[in-house]
Amino acid sequence: MGSLFSQIVTVTAMNIRSLPRRLWMSLAMVLASAVVVAVLLAFLAMAKGFEATMEGAGSDRVAILMREGAAAELNSVLTREQVNLVAESAGIARDAQGPLISPELYVIVDGIKKASGTEANIPLRGLNAKGMAMRENMHLLEGRMFTPGTNEMIVGAGVLREFDGFEIGKEVRFGKNVWTVVGIFSTGGNVFESELWADAAMVQAHYNRGSSYQTIRVQLQTPGDLAPLRETIEREPRLNLDIQTERDYFANQGEQLRYMAIFGRVISFVMALGALAGALNTMYTSVADRAKEIATLRALGFGNFSAFCGTVAEALVLAAAGGLLGSLAAFLFFDGLSTSTLGGSFTQVVFSFEVSPDLFMQGAALALFIGFVSGFFPAWRAARVPVVVAFRNGA
Amino acid sequence: MPQDVLFQLKGVSKCFVKGKEKITIFEDLDLTINRGDFIAIMGPSGSGKTTLLNMLGGVDQPSAGEIWFDGARVDNLSEGALTRWRARNIGFIFQFYNLMPMLNAARNVELPLLLTKLSRAQRKKHVETALALVGLSDRAKHMPGEMSGGQQQRVAIARAIVSDPQLLLCDEPTGDLDRTTADEVLEMLQLLNREHGKTIVMVTHDPAAAKYAKQTLHLDKGKFVQRELVA
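Protein chains in written order, with the numbering used here: chain A, 1 to 395; chain B, 1001 to 1231.
Next comes the structure, spelled out in structure tokens:
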């Protein structure tokens, strides 16, 4: 066994040390593997970043109520009467001022994207102080809170990063109304940072919403326990509402962009097939280049298995080097890259690419897959070709 | 099989099928090699010299007949068993040395020892002895590309003898060397035969090289046509 191990180590070391003889072919394999891994990681990092942004916004402590059948906040309409009925329900946490409930409006306004100079939708949310308190990690980065009853607004850090004209002190015109930016807020990088926040009453007034709202957020007495609220909704015919925890709501919103990950995997798989073809060519060339050495070793008494392992190891080393290069490139170019895309309510969601360790593992697995498959068949040939034929080929 | 017989070919044939044509290399060939023999095999190109050498070394198989080594039949061994047999009993010396270009002289010589259970220290000692025997102790760390053809062939001889095989098979060992260097290499083979008891079979085109052997067999069209004892 020790002898077999020595054989494999020796053959592998010789193969690796002979790589400079096949420098360009070997580099081509490294690069092909690197590109495939980088593309995979870019897609996965995008999907992961988006998912994290959406899921980070959801809390089990908060329930969101919308009109029955409304898939997103934008489609929902609720009356003041419904808000009052929900406020009386059991299961809602209370403080000294009463139930922790936030009736909110959600309208779309235009912004100019810094990256492209084109217009894109931004959500303007009307809410009250209790609503802001329900957002975990919400804090002001700069400036101050808007004053209720005025045309002041605070701007999410993501909006400030991706859109022009939302710096503190700037006046922003939406239609006939001019709003003043008085603060920049963060909610820890989640989807709320892609929003503008203003006083709910002012949003109602400027957008002719009367006394209507679009969603109600309530803080639950027991996190995740929707049963008392459901009971109220079922008992009260005027409450034709859907209820879910905020976590479930955003998870569903994020679901639609899972296609990014699927698309990324499909693209990477197709590219991996192309890379495999190139890698196979490299490895067959390698075996042909080493034919005389392989034949000599086998004549000396080295086994087929060591020739097989040596070739597979060479392919794995090249593909792994490519994988490492691709991962490094993905990390340098994409990790933390901020961008925005259309979210569930036809508004822009600002998010950052996340190249995390688990993605590196997926990239490494793909590189090793390319290495193993591209090494296997040439290795099989190296191991099975008769010694006299190998001598003839290597002459 | 008498005690002094090392190798025996009994009615060995070798043929290839190329397209619809059957090409016969040997037919019904008999050969006996005794321990301590130094045999030169000569013959024109295509006479089957190298094929014969490959069969003796177990890297090629006969189409018919039997090959016996040290009292045991070896032509019917599995590929794995034949590989192990080769590692234990045969040392190869090639025309173009066939050294591993990325390994230094000592590492090249060590290769056959990696197939044994010797420790690293034991292997090192064997390598030093083999390199000393071929006069290359001072070249142990040199890469093949840094040595002359003669030196490379001496490294190849050291590699062939390092695991103390009974039989050395040499395929045109001086075919790539000038006369003076060729003579040095042949003298070394003669020394290994006379003083270390190695049995040697050498394929060569060169009558001057054949004179170093104890006997010369002339092969033509798959038959031994002449046996010549060297004085």
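Note that CB positions come from ideal geometry on N, CA and C, so glycine has one too. Every value quoted in this text rests on a predicted model; they were computed, and no experiment measured them.
_Cα-Cα separation between residue 132 (chain A) and residue 123 (chain A), rounded to whole angstroms_ = 15 Å
*Taking residue 271 (chain A) as the reference, which of A:367, A:331, A:238 and A:22 has the closest Cα?*
A:367
*Would you give the residue range spanned by the alpha helix (DSSP H) that residue 186 (chain A) belongs to?*
Per DSSP, residue 186 (chain A) belongs to no alpha helix (DSSP H); it is in the beta strand (DSSP E), 177-186.
*Helix, strand or coil: how does DSSP classify residue 1 (chain A) here?*
Because residue 1 (chain A) sits at a pLDDT of 43, beneath the cut-off of 50, its placement in the model cannot be relied upon, and the point is left open.
*Would a check of beta-carbon distances place residue 283 (chain A) closer than 8 Å to chain B?*
no
*Flag this pair as touching only if the stretch 111-120 of chain A and the stretch 152-168 of chain A have three or more C-beta atom pairs under 8 Å; answer yes or no.*
yes
_Within a Cβ cutoff of 7 Å, which residues of the same chain sit near residue 206 (chain A), ignoring the five residues on either side of it in sequence?_
177
*asked:* Just to confirm, is the Cβ distance from residue 1154 (chain B) to residue 1134 (chain B) under 8 Å?
replied: yes
*Partners in chain B for residue 310 (chain A), counting only beta-carbon separations shorter than 9 Å*: Result: empty, since nearest Cβ-Cβ is about 12 Å, beyond 9 Å.
*Residues sharing a beta bridge with residue 123 (chain A), DSSP*: A:108
_Own chain partners of residue 140 (chain A) with C-beta closer than 6 Å, once the 5 adjacent residues on each side are dropped_ = Answer for residue 140 (chain A): 183 and 185, listed in chain order.
*asked:* Alpha carbons only, please: which of B:1201, B:1162 and B:1177 is nearest the one belonging to residue 1035 (chain B)?
replied: B:1201
*Closest Cα partner of residue 1148 (chain B) within the set B:1181, B:1068 and B:1211*: Of the listed residues, the one whose Cα sits closest to residue 1148 (chain B) is B:1181.
*Cutoff 6 Å; reference residue 1067 (chain B); Cβ partners in own chain excluding five residues on either side*: Closer than 6 Å at the Cβ level, and outside the excluded window around residue 1067 (chain B), lie 1009, 1074 and 1075.
*At a Cβ cut of 8 Å, what residues of the stretch 10-27 of chain A count as close to chain B, listed as they run along the chain?*
10, 14, 17 and 18
*asked:* At the 8 Å Cβ level, is residue 293 (chain A) part of the contact set with chain B, yes or no?
replied: yes
*Hey, could you find the ends of the alpha helix (DSSP H) residue 1155 (chain B) is sitting in?*
1149-1161
*Whose C-beta lies closer than 6 Å to the C-beta of residue 1190 (chain B) among residues of the same chain, with five residues either side of it excluded?*
1212
*asked:* Counting only beta-carbon separations shorter than 8 Å, does residue 1092 (chain B) have a partner in chain A?
replied: yes
*Is there at least one Cβ from chain A nearer than 8 Å to residue 1117 (chain B)'s Cβ?*
yes
*Roughly how many angstroms separate the alpha carbons of residue 1 (chain A) and residue 1118 (chain B), rounded to a whole number?*
Residue confidence is low: residue 1 (chain A) scores 43 on pLDDT, short of 50, so the model does not pin down where it sits. No coordinate-derived value is stated.
*asked:* Less than 8 Å between the beta carbons of residue 198 (chain A) and residue 246 (chain A), yes or no?
replied: Taking the C-beta atoms as reference points, residue 246 (chain A) is found no nearer than 8 Å to residue 198 (chain A).
_Residues in the same chain with beta-carbon distance under 7 Å from residue 389 (chain A), minus the five sequence neighbours each way, listed in chain order, please._
none
*As assigned by DSSP and simplified to three states, the class of residue 117 (chain A)*: coil
*Bridge partners of residue 1042 (chain B), per DSSP?*
B:1218
*asked:* I'd like the list of long-range same chain contacts for residue 249 (chain A), defined as Cβ closer than 8 Å, with 5 residues on each side in sequence excluded.
replied: 58 and 64
*How do the stretch 202-217 of chain A and the stretch 32-40 of chain A stand: do at least 3 beta-carbon pairs fall below 8 Å, yes or no?*
Too few Cβ pairs lie closer than 8 Å, so no.
_Quick check on residue 8 (chain A): does DSSP put it in helix, strand or coil?_
It is helical.
*asked:* For a contact defined as C-beta to C-beta under 9 Å, what are the partners of residue 1143 (chain B) on chain E?
replied: Among the protein chains of the structure shown, namely A and B, there is no chain E.
*Against chain A: residues of the stretch 1056-1083 of chain B by CB proximity under 8 Å*: So the close ones are 1057, 1059, 1060, 1079, 1080 and 1083.
_Best match in A:238, A:143, A:287 and A:92 for proximity to residue 223 (chain A) [C-alpha to C-alpha]_ = A:92
*Return helix, strand or coil for residue 401 (chain A), following the three-state DSSP convention.*
Within the shown structure, residues of chain A are numbered from 1 to 395, placing residue 401 (chain A) beyond reach of any answer.
*Under 8 Å between C-beta atoms, does residue 253 (chain A) make it to chain B?*
no
_Expected contact under 8 Å - CB spacing of residue 105 (chain A) and residue 204 (chain A) to nearest Å_ = So it is a contact: roughly 6 Å between Cβ atoms.
*How about residue 334 (chain A): is its C-beta nearer than 8 Å to some C-beta of chain B?*
no
*Rounded to whole angstroms, what's the CA-CA distance from residue 1121 (chain B) to residue 1115 (chain B)? Just pull it up for me.*
15 Å
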